[in-house]
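In the working numbering, the protein residues as written are 58 to 344. Below: the structure, in structure tokens.
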């Protein structure tokens with residue numbers, strides 16, 4: 058029988074978490090580097106170097122306009138990180154405030170907040186984000202807010218459930234009996250644990266936010282040139298798939314690897330915080 062890692066997890070669990078961290082670090086470096094440098098300027102058009110195969114000069118080849126695809130991918134990683142992290146942060150903050158409020162407001166306010174969140178939870182996140190993006194217009198700010206609004210109902214529910222679980226813990230009740238005011242008890246015991254829960258949820262939702270941004274950009278209601286996105290790359294090169302499949306495959310694999318790395322990191326973080334999350338009812342004992 059193979060040895061088990063800490064907390065009952067098999068050795069491969071820690072290995073895949075480390076792999077996620079390594080891949081995530083590579084993508085983070087590529088995205089950060091793209092702020093000031095890419096192998097070729099992404100706005101550079103070279104009609105004499107169109108549709109070249111991958112080579113030392115062009116790692117991912119060139120598109121139909123002669124642009125270096127690897128440079129476009131680097132910029133797309135930056136776009137994904139910025140928009141995904143911003144949208145996830147806005148959704149997490151808004152969801153935490155509304156969920157925390159729903160757990161402490163009057164019954165009428167709670168009945169206004171939670172059913173509204175449940176209604177939007179019935180819509181797939183992509184559909185909800187697409188509706189808001191179409192209404193707000195195709196732009197980086199518009200797509201960021203659309204993705205944030207699309208994910209908000211999930212965060213409201215997570216924050217609400219976590220707040221109720223924390224409120225009912227023994228040491229919170231004991232602190233009230235010891236004379237601590239309700240507001241002080243929430244600030245001292247509920248909010249810090251809720252922040253941990255929401256950080257885990259935001260990181261877990263970040264890959265979804267990145268995929269939403271790519272999907273909206275591919276559909277033409279996301280970011281627009283001169284910004285660069287995985288969705289824009291795939292939309293521009295899809296017609297070349299029969300003759301130059303690597304032009305589509307390589308950016309697509311890069312996007313999937315980025316999403317996979319963040320998913321593995323989120324799973325590892327969730328596992329490392331598992332005792333605390335179980336304490337506040339964020340996960341059940343069977344996880």
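Cβ coordinates follow ideal geometry from the N, Cα and C atoms, glycine included.
Please report the straight-line C-alpha distance between residue i and residue j, rounded to a whole angstrom.
| i | j | result |
| --- | --- | --- |
| residue 150 | residue 111 | 43 Å |
| residue 139 | residue 288 | 15 Å |
| residue 339 | residue 256 | With a pLDDT of only 49 at residue 339, under the threshold of 50, the placement of this residue in the model should not be trusted, and no figure is reported. |
| residue 260 | residue 215 | 14 Å |
| residue 100 | residue 92 | 14 Å |
| residue 152 | residue 322 | 22 Å |
| residue 207 | residue 201 | 10 Å |
| residue 157 | residue 141 | 23 Å |
| residue 316 | residue 113 | 26 Å |
| residue 121 | residue 136 | 22 Å |
| residue 268 | residue 245 | 36 Å |
| residue 278 | residue 195 | 5 Å |
| residue 309 | residue 318 | 14 Å |
| residue 85 | residue 220 | 33 Å |
| residue 266 | residue 276 | 15 Å |
| residue 159 | residue 76 | 39 Å |
| residue 147 | residue 313 | 24 Å |
| residue 185 | residue 292 | 21 Å |
| residue 126 | residue 211 | 35 Å |
| residue 189 | residue 203 | 5 Å |
| residue 155 | residue 253 | 16 Å |
| residue 129 | residue 144 | 22 Å |
| residue 344 | residue 97 | Because the pLDDT at residue 344 is just 43, under 50, the model does not fix this residue reliably, and the value given afterwards should be weighed accordingly. Rounded to the nearest angstrom, the two C-alpha atoms are 47 Å apart. |
| residue 161 | residue 262 | 25 Å |
| residue 80 | residue 270 | 20 Å |
| residue 124 | residue 118 | 8 Å |
| residue 102 | residue 305 | 19 Å |
| residue 115 | residue 131 | 13 Å |
| residue 205 | residue 282 | 22 Å |
| residue 71 | residue 82 | 16 Å |
| residue 286 | residue 307 | 14 Å |
| residue 326 | residue 73 | 12 Å |
| residue 78 | residue 320 | 10 Å |
| residue 248 | residue 324 | 23 Å |
| residue 209 | residue 280 | 21 Å |
| residue 133 | residue 191 | 21 Å |
| residue 218 | residue 284 | 38 Å |
| residue 213 | residue 250 | 16 Å |
Under a Cβ-count criterion, where at least 16 other Cβ atoms within 10 Å of its own Cβ denotes burial, should residue i be classed as buried or exposed?
| i | result |
| --- | --- |
| residue 298 | exposed |
| residue 95 | buried |
| residue 328 | buried |
| residue 264 | buried |
| residue 290 | buried |
| residue 295 | exposed |
| residue 272 | buried |
| residue 222 | buried |
| residue 89 | exposed |
| residue 198 | exposed |
| residue 104 | exposed |
For the alpha helix (DSSP H) that contains residue i, what are its first and last residues?
| i | result |
| --- | --- |
| residue 145 | 126-161 |
| residue 270 | 248-275 |
| residue 307 | 303-329 |
| residue 291 | 287-294 |
Should residue i be counted as a contact of the ligand SAH given a C-beta to heavy atom distance under 7 Å?
| i | result |
| --- | --- |
| residue 308 | In the structure on display, the ligand SAH does not appear, and there are no ligands present to speak of. |
(message) Closer than 8 Å is the cut-off here; do at least three beta carbon pairs connect the region 299-309 with the region 109-127?
(response) Yes, the region 299-309 touches the region 109-127.
(message) I'd like the ranges of any alpha helix (DSSP H) spanning at least 4 consecutive residues and lying wholly in the region 195-225.
(response) 197-224
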